[in-house]
Structure formats: C-alpha cells, structure tokens
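Chemist: Below you will find the structure I want to go over with you.
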Amino acid sequence: MNVFKLLSRSKAPQSSPAQKLPSSGAVENPQLFGQHEPAQSANTSHKRKRGGTEDSKSTSLDPNHSGLPTDLDFFAGASKPDEDGKSKKQRKQEKRQEKKLQEEGEVQENGADAVEEDPYDADECKRILRSHKLKVAVLEDFLVQEEEPPKEKKKSKKRKKDKVVKDKKKDVKKQLYPRPLTSFAQLRTRYGISRRLAENIQEQGYKLPTEVQLGALPLLLGKPGSKEQNGTIEDAKSSSGAEYGGDIDLLTVAPTGSGKTIAFLIPIIDALLAHNKDTDGKDGPRAIILAPTRELASQIVNEARKLAKGTAIKATLMRKGMQVVTRSGDELSPDALDASESEADDSDSDEQEPTKRKKTQRKQAELVKAAILVATPLALLNTLKRKDSTVAHLPTVRRLVLDEADVLLDPLFREQTLAIWNACSNPLLRVGLWSATMGSNIEPLTLDTLNTRWITLSPSLPRPPLLRLVVGLKDTAIPNISHQLTYAATEQGKLLGLRQLLHPTASSSDRDKPTLRPPFLVFTQTIPRAIALHSELLYDIPPEAGGSSRIAVLHADLSSSARDAIMTRFRQGEIWVLITTDLLARGVDFRGLNGVVNFDAPTSAAGYVHRVGRTGRAGREGGVAVTFYTNDDVPYIKVIAHVIRASERLRGVPEGEGSVKKWLLDALPDVSKRQREEVKRRGVASRRTVKDGEGKKGKGKMADRISTKSGYERRTENNRRGAREASKRREKEDMLVIESAGEDSAFEGFEE
Ligand SMILES: Nc1ncnc2c1ncn2[C@@H]1O[C@H](COP(=O)(O)OP(=O)(O)OP(=O)(O)O)[C@@H](O)[C@H]1O
Numbered sequence: 001m002n003v004f005k006l007l008s009r010s011k012a013p014q015s016s017p018a019q020k021l022p023s024s025g026a027v028e029n030p031q032l033f034g035q036h037e038p039a040q041s042a043n044t045s046h047k048r049k050r051g052g053t054e055d056s057k058s059t060s061l062d063p064n065h066s067g068l069p070t071d072l073d074f075f076a077g078a079s080k081p082d083e084d085g086k087s088k089k090q091r092k093q094e095k096r097q098e099k100k101l102q103e104e105g106e107v108q109e110n111g112a113d114a115v116e117e118d119p120y121d122a123d124e125c126k127r128i129l130r131s132h133k134l135k136v137a138v139l140e141d142f143l144v145q146e147e148e149p150p151k152e153k154k155k156s157k158k159r160k161k162d163k164v165v166k167d168k169k170k171d172v173k174k175q176l177y178p179r180p181l182t183s184f185a186q187l188r189t190r191y192g193i194s195r196r197l198a199e200n201i202q203e204q205g206y207k208l209p210t211e212v213q214l215g216a217l218p219l220l221l222g223k224p225g226s227k228e229q230n231g232t233i234e235d236a237k238s239s240s241g242a243e244y245g246g247d248i249d250l251l252t253v254a255p256t257g258s259g260k261t262i263a264f265l266i267p268i269i270d271a272l273l274a275h276n277k278d279t280d281g282k283d284g285p286r287a288i289i290l291a292p293t294r295e296l297a298s299q300i301v302n303e304a305r306k307l308a309k310g311t312a313i314k315a316t317l318m319r320k321g322m323q324v325v326t327r328s329g330d331e332l333s334p335d336a337l338d339a340s341e342s343e344a345d346d347s348d349s350d351e352q353e354p355t356k357r358k359k360t361q362r363k364q365a366e367l368v369k370a371a372i373l374v375a376t377p378l379a380l381l382n383t384l385k386r387k388d389s390t391v392a393h394l395p396t397v398r399r400l401v402l403d404e405a406d407v408l409l410d411p412l413f414r415e416q417t418l419a420i421w422n423a424c425s426n427p428l429l430r431v432g433l434w435s436a437t438m439g440s441n442i443e444p445l446t447l448d449t450l451n452t453r454w455i456t457l458s459p460s461l462p463r464p465p466l467l468r469l470v471v472g473l474k475d476t477a478i479p480n481i482s483h484q485l486t487y488a489a490t491e492q493g494k495l496l497g498l499r500q501l502l503h504p505t506a507s508s509s510d511r512d513k514p515t516l517r518p519p520f521l522v523f524t525q526t527i528p529r530a531i532a533l534h535s536e537l538l539y540d541i542p543p544e545a546g547g548s549s550r551i552a553v554l555h556a557d558l559s560s561s562a563r564d565a566i567m568t569r570f571r572q573g574e575i576w577v578l579i580t581t582d583l584l585a586r587g588v589d590f591r592g593l594n595g596v597v598n599f600d601a602p603t604s605a606a607g608y609v610h611r612v613g614r615t616g617r618a619g620r621e622g623g624v625a626v627t628f629y630t631n632d633d634v635p636y637i638k639v640i641a642h643v644i645r646a647s648e649r650l651r652g653v654p655e656g657e658g659s660v661k662k663w664l665l666d667a668l669p670d671v672s673k674r675q676r677e678e679v680k681r682r683g684v685a686s687r688r689t690v691k692d693g694e695g696k697k698g699k700g701k702m703a704d705r706i707s708t709k710s711g712y713e714r715r716t717e718n719n720r721r722g723a724r725e726a727s728k729r730r731e732k733e734d735m736l737v738i739e740s741a742g743e744d745s746a747f748e749g750f751e752e
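The following block contains the structure:
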C-alpha cells in the first residue's frame, strides 16, 4: 500500500496510537478546545421523543451514541445511565412516548426525528461556549433601529439621531449565548433540517460538531418563531440569539481547518430545500459563495455537492464562458462575450450524451442553472459586466458568503467583491463573512456596506443584526501543530535546511524536534522563486522512490487544467512535495498533509496563520510547520514569532519551553507599521520579482535566484566558463584565418 495515498481526502485510514501524524487519518474528536473540561451534571439534551425511541437510532448522529469514550464524550447526557446506557427518567419518558404514539397511531408530520426539547439551562450553555472558547456578540442590532433612514432626515434632526446611535452603541457588542449544537443529531431534532441533508452529513462520518459548527449552526438555522421551541430564557443580557430566528448577517472568525465550509453550507442548503421553488437556479442563482482562488472555489463546490446529494440542489463552479443572468448579446462586455464563445458549461452537462451536449453547449454557456454558484470575484464580475462597464444585477441571490472574507475585502479584491455584493440587489440578501483571520478594518467596512445597501434598497424594511462569532483567539495559529522557527542566515542556508528536511540524518535531526514527513507543502514568495526551487530540488528524490515525479510546482501562471491535474496528483499521494506560492495558502484542505515549510517566510501574521493551517486539519495532531528566515527577514519575523508564541500558549506549552524563546523575542527588532504594510504588500525586497527595466543591473535575476552555490562559487564558475569560451572562440578564429588563408591561396581568378 502506498502510504502517501493517505493524503487523499476520501481515503484517510484510521489512526494508530503509535503513529500520530495528520496522514494517519481522522481523530475521534475534531474539537480544538474544551476537551479536558469535566462533563457537567447539567443536561442540555433531555428529550421527549415523539415517534420512535432514542435507541432506534444508534448512529453517529445520535448525541447519546457518539461512540466516544466517556472521558472524550464531552457532551454526553448528564443523567447517570444504567447498564443499558439509559437513565430511569429516560426510560420512563420513552415508555410514555411509545404509549402516546400507539394511541395516536401515527408519527408526527416532521418524521420520526421530531422532538421537543426541555427549556435549557442558560448557565450550562455559557459554560459550554466558554470552555470551547466561543464568543458571540451583536455588532449592530439593526432590528431595534426603526428610525427613518438618515438620507431623508433633516439636518437639525441628524445630531439627535447621532446621539441615539451613540447611545445604542453602548449596547453594541452585546454578548449572546446561543444554545450550542452538541451533536449533529440536533440539526434534525432541534432545527428540523431535511432528512436527506441529515443523511448526507452523517455519510461524511463526522462524529462531533467542531467549535465553529457548534456556535454558528444554531445562529444560522434558528427558524423564525423558534424562540419557544428553543426554550430561550427571557433575559436581555444573556440572550441566546434565537429571537433573530436565523435571520442575521454573520461574521465568523474560526481557526483554520475547523470546518467552516460545512458550517456555512448546511444553512444554505437547508434554506433552499425549505423553499421548493428555490432548489433550481432557472432564473439565476439563489446563493453565491466567493472564494479568492479557483482551487478553493472548486473544493467548496465538491463539499456542497456531497451535502446536496440526492436533492434537486445543484452547485457549480463559475467558469469562463458561463453566464449568470439572461442578457442579450449586445449587453455583454467583450470579456464576457469572448469567454462565452470559447468555453462551454461545467459538470452539469457531464451526464449528457456527447452529441446532445454539443447542441446544448452554447445554450448552457448562456446561463448557469445551479442554485449555488461558487466563484472567484474576478470570474464572476467579468460575466456580470456590461459593455458600458455597469454591472448586471443578481436579484435572485438571497445568500452571499465571502469565504476568506479578509482577503476578499483586502485592496487586492475589494473592488470586485463589493461590486458583486452590490450586484446582489435582493433587499433580503443575507451575508456571511468567514475566515481564520480578520483585520480590524473588516468590521467597519462590513457595517458600512450593510448600511449603504439598506438605505438604497430597503429603508422601509427592518434590518437584521450583524453578529460576530469568534472561536479561540483571533488571528492565532491552531494549537495542535508544532512550530519550528529556523534561522538560516542566507538563501543557501535555507536550501541546505530544506535538503536536511528531505533527507534527515541522525546528525541533522534534533531529537526534540518532530520530524517533517511527506507529504508537505513548501511556500515561496514569488512564482519565479517557486519555479527555481522546483528545478533545484527536482532530482533530490531517488528514482527508486519515484524521482522527479514526486515533486511538483503549482502556481497561478499554469493553465487551469495543469493546476487541476497537480492538485489531483497531490491529493492522491503521487506527489509528495508540492512547491507553491500563497495561491494555496488559504482554505485548501489536504486532510492528511503532514507539514508546511515556509521556505520564504510569510510577510504577515495572517499569512503565517493560513499557510501553517494547511496541516493539522479537523483536530489532527502531529503536523509540523517549519519557517526559515534569513538576515533579510529579521526585521519582519517578530510578528510571526508572536503568533507562534500565542499558539504554543494555547497549547499549554510553559513559558520558556516553546520554540520561540523570550531572548529571541527581545532581540528581534520592531518595525514601523508602514514598513510592515509595505512588506505585506510587496514581500521582502531581496526576493521580489523585478520586472524588466526595473532595478539595477540585472538585480531582477538575482532576486529570483535560488541555489545552493555561494556568490563566490558562482563568480569563479562564471570566470572559468568565460575563459573556456574565450579560448574556444580564439581557436575558432585561428581556424577561420587558416581556412580563409587556404581558400585565398586556392583562388586563382581575376588575374589578367
Ligand atoms: N465535524 C467534523 N468532524 C470531523 N471533521 C470535520 C468536521 N467538519 C469538517 N470536518 C473536516 O475538516 C476539514 C477542514 O474543514 P474546512 O475546509 O471546512 O475548514 P475551514 O475552517 O474552512 O479551514 P480554512 O480556514 O483553512 O479554510 C475538512 O476535511 C472537513 O471535511
């Protein structure tokens, strides 16, 4: 068996206790926090089941059958079980219910899973949320602001309104304590999600919800009028958020690999299924998910398809040539027209016969018919742009998700993202912003956008609140991986260091340090550096082990099909070392990835959090993150050292024992915010790709160079090569002289 097959998303085998590596497979408990909390006596999952007994459903969706040892089954019911695992109270309740059912002679409409839950204990909710490091706050409670929109107000009243808003702001960031989702079974029992959706979730084999699912799903699934059903206590200060009935805009910050994707997909699919007419996208998509890269977008499509399997809901990846709204040809921008003529639809047409497909290609290229559309901002905006540069509206879209929201609202993508957000003209649009990191500018920008949209689109409608859910410490790397910050002095030092990782020897491997095993990712600052590093390492893997086919480079200059092929080979375990740029830094999920090497140090704290978060997914232990730094990085490495320190603290590593020592933190210089911004935007100067004509005498070439050879060796080699070439040239010239002399002597013409 090829152990590297473990990398495959779908074929990860079970872990063995001796081998704790991400590639060893899924862990029992994907949660990052709260696992060592003692199980409390307060019960949050007492149920009176209508239609069937508790044990008629011994699946992983059953909260009382999670299959975990009691010490791990953090959310196990609190009533002391008897030999059959049930308390007397539960047995009594079940008998009562069975009898009632027999009398009624039928199962309640919602199916055998419908239950009614007891009012919950608010203190217990708070305790669970705190132990899992979940914080929910109302950023701005629009629902209570039922004043006229500011636009229509007279100047004299404006001051008064400002005061009202200010007063309200005292209440801003009010904490909420939603009732946590402690088992996937509750999705059906508490929120009545569709049976098919519940089965699809169960098929994924998830045992416990991760923290972000535990907090976000109750907020997003709460049905209007579910207040009583949820047994919410009427306490303004410790509200559960159920009063919003799921009608909210949500900004979520949760660790990398913590399962944010299904946390935003489940509510979308559930809502689409709830409204039969929304399941197809005949008149246009109902939900749009934006992601910064094509790789991430296509991964989200896969997840959505798994969750929507067997339903009428289709998810599709936005490709060049697709159209999202019906428009006549002369309305299209040249970009959109070119694209629609050159390419056809995606996998929705895969099932059709080839001839039929050919005929319908043109038609399908005209309109996407999937209810869920996943796209990169540029790809979508290109198809929406009209000839006159205006953007077509998407009135059918009711849900917009910005995955990796901080980067989508970063200057690089901001304009495109906001253009799409504003193109979603439905006043009932609800937005979700998700990421593992969120800069401080994102909240005001989001509030601003929501405000402007409300004023222009629906001033008469009540507005939903904007809630913020934070899991763990904001902007911190996950605690379940080990970090190594390695000083390599020079570029050559980094290459030697990387080779030592590839070929560890007894002398090179530090016993205290966990070894990095393939498969792993190697990040560089620029595309030319990734290509150069790939050429340098190409023959480092012996032919017996697969040779150069085991190492590959992936970057944005490759064609889409080449990128897809490399991704597939890496997932299948054929490629062991993948060299890449920040293209793969965010969102991409290689479940069994054992490590990450920052060959070029990331240029921001967020960059570090996302890159290293490609390993240690869903609570897997044993991932390793190695970061090399040279003299050129010294001014900027402190922020990364701080992130590592914070993550080790979260893990419980005592002060002084972590990989970043205090003396190092004290020794590293601080740089100004401006310098930090500059390096974040453009990278470390010595590694930038210098364009033609830029920089001094060939500096551009130097910047991209990656090699083990020192400058001295290079110069000596160049001199030798120059001397050899000069000598060859001289020999050639001598030969020419002799030959021409011979020719001259042989010429006997022109003489009179
Ligand atoms: N409840 C769960 N139990 C176990 N595994 C889960 C659970 N939920 C999601 N996963 C798995 O966790 C992995 C990471 O999920 P996902 O890609 O959604 O993370 P993410 O939070 O979006 O990460 P990132 O911030 O890097 O984008 C996936 O392989 C997914 O299948």
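The numbering of the sequence shown is UniProt numbering, which starts it at 1 and goes up by one. Glycine included, every Cβ here is placed at the ideal spot set by N, Cα and C.
Given 7 Å as the limit, tell me if Pro267 has its C-beta closer than that to any heavy atom belonging to ligand 1.
Modeler: no
Chemist: Report the CB separation of Pro669 from Val634 in whole angstroms; it is logged as a contact under 8 Å.
Modeler: 7 Å
Chemist: So, helix, strand or coil for Ser686, using DSSP?
Modeler: helix
Chemist: Should Leu273 be listed as close to ligand 1, given that the test is whether its C-beta is under 7 Å from any heavy atom?
Modeler: No.
Chemist: Would you check whether ligand 1 has a heavy atom nearer than 7 Å to the C-beta of Ala552?
Modeler: In this structure, the C-beta of Ala552 stays at least 7 Å away from each heavy atom of ligand 1.
Chemist: Using 10 angstroms around the beta-carbon of Lys658, count the other beta-carbons present and answer buried if the total reaches 16, otherwise exposed.
Modeler: Position check: residue 658 holds Gly in this sequence, whereas Lys was assumed. It is buried - the Cβ of Gly658 has at least 16 other Cβ atoms within 10 Å.
Chemist: Is the beta carbon of Gln202 within less than 7 Å of some heavy atom of ligand 1?
Modeler: Checking the Cβ of Gln202 against ligand 1 gives no.
Chemist: Is the beta carbon of Gln525 sitting closer than 8 Å to the one on Val684?
Modeler: Going by C-beta atoms, Gln525 is nearer than 8 Å to Val684.
Chemist: From Phe413 to Leu384, what distance separates their C-alpha atoms?
Modeler: 16 Å
Chemist: On the DSSP letters alone, give me the boundaries of the alpha helix (DSSP H) that Ser604 sits inside.
Modeler: Segment: none, Ser604 is in no alpha helix (DSSP H) and carries neither H nor E.
Chemist: With 16 as the cutoff for other CB atoms within 10 Å, does Lys732 come out buried or exposed?
Modeler: exposed
Chemist: Out of Pro285, Leu187, Leu400, which one is the CA nearest neighbour of Ile266?
Modeler: Leu187
Chemist: I want to see whether chain B comes within less than 8 Å of Ser24, judged by CB atoms only; does it?
Modeler: Given the protein chain composition of this structure (a single chain), no chain B is represented.
Chemist: Taking 8 Å as the threshold, find out whether the region 544-552 comes into contact with the region 600-615 through three or more Cβ pairs.
Modeler: no
Chemist: Under a three-way DSSP split, which group does Ser460 fall into?
Modeler: coil
Chemist: Based on the DSSP secondary-structure assignment, which residues constitute the bridge partners of Ser482?
Modeler: Val624
Chemist: Which whole-angstrom value describes the C-beta separation of Val401 and Leu272, a residue pair presumed to lie in contact below a C-beta threshold of 8 Å?
Modeler: Their Cβ separation, rounded to whole angstroms, is 13 Å, which puts Val401 and Leu272 out of contact at 8 Å.
Chemist: State the Cα-Cα distance for the pair Gly246 and Leu217, rounded to the nearest angstrom.
Modeler: Near 9 Å, if we compare the C-alpha coordinates of Leu217 and Gly246.
Chemist: Mind checking Arg724: buried by the 16 CB within 10 Å criterion, or exposed?
Modeler: Taking all protein chains shown into account, Arg724 has fewer than 16 neighbouring C-beta atoms within 10 Å of its C-beta and is therefore exposed.
Chemist: Using a Cβ-Cβ cutoff of less than 7 Å, which residues in the same chain neighbour Arg682 once the five nearest sequence positions on both sides are dropped?
Modeler: Arg688
Chemist: How far does the beta strand (DSSP E) with Gly595 in it extend, from its first residue to its last?
Modeler: 595-598
Chemist: Looking at Arg586 and Glu404, is the spacing between their C-beta atoms short of 8 Å?
Modeler: The answer is yes: Cβ separation under 8 Å.
Chemist: Pop quiz: residue 789 and Val596 are said to be a contact at Cβ under 8 Å. What is the actual Cβ separation, rounded to whole angstroms?
Modeler: The structure shown has nothing for residue 789, since the chain only spans 1 to 752.
Chemist: What is the rounded straight-line gap between the Cα of Asn426 and the Cα of Leu450?
Modeler: 13 Å
Chemist: Terminal residues of the continuous beta strand (DSSP E) containing Ala556?
Modeler: Segment: none, Ala556 is in no beta strand (DSSP E) and carries neither H nor E.
Chemist: Can you tell me whether Ala42 is buried or exposed, with buried defined as 16 or more other CB within 10 angstroms of its CB?
Modeler: Below a pLDDT of 50, predicted positions are generally treated as unreliable, and Ala42, at 37, falls in that range; no measurement from the model is reported.
Chemist: Whose C-beta lies closer than 7 Å to the C-beta of Leu378 among residues of the same chain, with five residues either side of it excluded?
Modeler: Gln416
Chemist: In terms of residues, what are the limits of the alpha helix (DSSP H) holding Ala562?
Modeler: 560-571
Chemist: With three or more C-beta pairs closer than 8 Å as the rule, is the region 125-143 touching the region 25-36?
Modeler: yes
Chemist: For Thr396, which residues in the same chain have their Cβ closer than 8 Å to its Cβ, ignoring the five residues on either side in sequence?
Modeler: The beta carbon of Thr396 is closer than 8 Å to those of Gly281, Asp283, Gly284, Pro285, Arg286, Asn426 in its chain, skipping five residues each way along the sequence.
Chemist: Using DSSP's beta-bridge definition, name the partner residues of Ala676.
Modeler: It is Arg, not Ala, that sits at residue 676 in the sequence shown. Looking at the DSSP assignment, Arg676 forms no beta bridge with any residue, so it has no partner.
Chemist: CB of Ala618 to nearest heavy atom of ligand 1: below 7 Å?
Modeler: yes
Chemist: From the DSSP output, in three-state form, read off Val630 for me.
Modeler: This sequence places Thr at residue 630; Val is not what is there. In this structure, Thr630 counts as strand in the three-state DSSP scheme.
Chemist: Can you tell which of Arg517, Gly573, Gln675, Phe523 has the C-alpha that lies nearest to the C-alpha of Gly622?
Modeler: Arg517
Chemist: Taking the alpha-carbon positions, what's the Lys638 to Val626 distance?
Modeler: 15 Å
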